[in-house]
Amino acid sequence: MIGVLGLGLIASLCAAVLMAALKSGSKGGKASAPAQVEVLVAKSDLPAMTRIENDLIEVKMVDRSEKPEGAFGDPVQVLGRVLKTGLVEGQPVTGASLLDEGDGAKLASSLPEGLRAVSIELPSSSAMRGLLYPGCSVDVIVAYRHVPGRRDGGPISKTLLQNVSVLAVEDKTVFTAESDEDEEKPARSTRQTNRKLMVTLMVDPQQARELQAARDLGELALTLRNPLDASTTTDPEAEAQADPRSFEGVPEKEAPWRVVVIRGDETEVKTFGGRGGSPVDRPEEERYADVPPPEDVDE
Numbered sequence: 002m003i004g005v006l007g008l009g010l011i012a013s014l015c016a017a018v019l020m021a022a023l024k025s026g027s028k029g030g031k032a033s034a035p036a037q038v039e040v041l042v043a044k045s046d047l048p049a050m051t052r053i054e055n056d057l058i059e060v061k062m063v064d065r066s067e068k069p070e071g072a073f074g075d076p077v078q079v080l081g082r083v084l085k086t087g088l089v090e091g092q093p094v095t096g097a098s099l100l101d102e103g104d105g106a107k108l109a110s111s112l113p114e115g116l117r118a119v120s121i122e123l124p125s126s127s128a129m130r131g132l133l134y135p136g137c138s139v140d141v142i143v144a145y146r147h148v149p150g151r152r153d154g155g156p157i158s159k160t161l162l163q164n165v166s167v168l169a170v171e172d173k174t175v176f177t178a179e180s181d182e183d184e185e186k187p188a189r190s191t192r193q194t195n196r197k198l199m200v201t202l203m204v205d206p207q208q209a210r211e212l213q214a215a216r217d218l219g220e221l222a223l224t225l226r227n228p229l230d231a232s233t234t235t236d237p238e239a240e241a242q243a244d245p246r247s248f249e250g251v252p253e254k255e256a257p258w259r260v261v262v263i264r265g266d267e268t269e270v271k272t273f274g275g276r277g278g279s280p281v282d283r284p285e286e287e288r289y290a291d292v293p294p295p296e297d298v299d300e
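In terms of our numbering, the sequence shown opens at residue 2 and continues consecutively.
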């Protein structure tokens, strides 16, 4: 009986030792095999200012020890962001290779070749406040209130540009997420409405120069278009009258000139104007309003 118990005890001890050895070997095997992690890399050579899309990157498995600092493993983390530096094929995408997450960088990288982003200011009283939105289409109208070298008429206006795309309204761009817009609505509602409205348009270089010239000579306004309406209108007569190049060719009216007539204690001012030098008929209070009183004259 004692012998049987001894054999059973010895068998139990052997089994325990064997299990411990197996567990130790399993742990040692795991430690020796290096863990691998996912890293995003470029599928092909990508130049700087490239906006990252899903088809431009892929996931690659690398040893944890070989993972670069700041490397990304989830495509969601980098989609839509813009490269600050170029990447070669297979190079990991890191935080240092990306521009800050701002809408300005996204706008610049998304502009089609040959087009520019130009911002204009609209008066604080503009009726378009609240109607314009990123992605809408507008016409640009310029009104010339004071035309150098031209004094023979009232304000002149014309349609400067037609069917222009709006990239941004204030700080809201075509890349602003809807969730961000909802968070900003309370802040925007508390802003003062007496500030000018900033709108960013997508134009070509020639249109950008026309906008700058019109901004210097007049006041700009926008009209909202149906985005599906691609038609344009022309008014040759209005275009010719509002062409800044024609302003210098319009003759100026001769400035009136005045004569002070003194008869004893009485002083009279006669105003002359026109090419014939004929007197200008104006009310007496208007004639004297802009003429300084004559100096005392010794009789």
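Cβ atoms here follow ideal geometry from the backbone N, Cα and C, with glycine treated the same way.
Whole-angstrom distance between residue j and residue i, CA atom to CA atom
i: phenylalanine 73; j: valine 200; result: 35 Å
i: leucine 212; j: threonine 51; result: 29 Å
i: glutamine 37; j: glutamate 67; result: 9 Å
i: glycine 87; j: serine 98; result: 8 Å
i: leucine 112; j: proline 257; result: 54 Å
i: arginine 216; j: threonine 95; result: 43 Å
i: serine 125; j: alanine 231; result: 29 Å
i: phenylalanine 273; j: glutamate 267; result: 20 Å
i: aspartate 56; j: aspartate 75; result: 14 Å
i: asparagine 227; j: serine 138; result: 7 Å
i: arginine 196; j: lysine 271; result: 47 Å
i: glycine 265; j: arginine 259; result: 19 Å
i: lysine 173; j: alanine 209; result: 21 Å
i: alanine 214; j: threonine 160; result: 14 Å
i: leucine 229; j: glycine 105; result: 27 Å
i: proline 69; j: leucine 100; result: 18 Å
i: arginine 65; j: glutamate 114; result: 41 Å
i: lysine 263; j: serine 127; result: With the sequence shown as reference, residue 263 is identified as isoleucine, and lysine is not the correct amino acid for it. Their backbone Cα atoms lie some 53 Å apart in a straight line.
i: glutamate 39; j: methionine 20; result: 35 Å
i: serine 45; j: glutamate 102; result: 23 Å
Supposed close pair residue i, residue j - CB separation, criterion 8 Å
i: valine 165; j: valine 141; result: 6 Å
i: alanine 43; j: glutamine 78; result: 15 Å between Cβ atoms; not a contact.
i: proline 135; j: valine 167; result: 6 Å
i: valine 83; j: serine 110; result: 5 Å
i: phenylalanine 176; j: lysine 107; result: 5 Å
i: leucine 41; j: valine 63; result: In fact, because the Cβ distance is near 11 Å, the residues do not count as touching under 8 Å.
i: isoleucine 53; j: glycine 81; result: 7 Å
i: valine 143; j: serine 158; result: 7 Å
Identified DSSP bridge partners for residue i
i: valine 119; result: Leu202
i: threonine 174; result: Ala169
i: arginine 264; result: Glu267
i: arginine 226; result: Ser138
i: leucine 47; result: Leu88
i: alanine 72; result: Thr95
i: lysine 61; result: Val40
7 Å Cβ cutoff met for residue i and residue j
i: leucine 225; j: leucine 132; result: yes
i: leucine 223; j: arginine 130; result: no
i: tyrosine 145; j: leucine 221; result: no
i: threonine 233; j: glutamine 163; result: yes
i: leucine 1; j: methionine 203; result: Because residue 1 is not part of the residues shown, which for the chain are 2 to 300, the question remains open.
Local conformation of residue i per DSSP, three classes
i: aspartate 56; result: helix
i: aspartate 140; result: strand
i: leucine 218; result: helix
i: serine 325; result: Shown here, the chain extends from 2 to 300; a query on residue 325 therefore has no answer.
i: valine 77; result: helix
i: serine 158; result: strand
i: methionine 20; result: helix
i: alanine 34; result: Note that alanine 34 has pLDDT 48, beneath the 50 cutoff, so the model's placement of it is unreliable and the number below is only indicative. Coil, per DSSP.
i: threonine 233; result: coil
Beta carbon proximity, residue i to chain B, threshold 7 Å
i: valine 200; result: Of the protein chains in the structure, only one exists, and it is not chain B.
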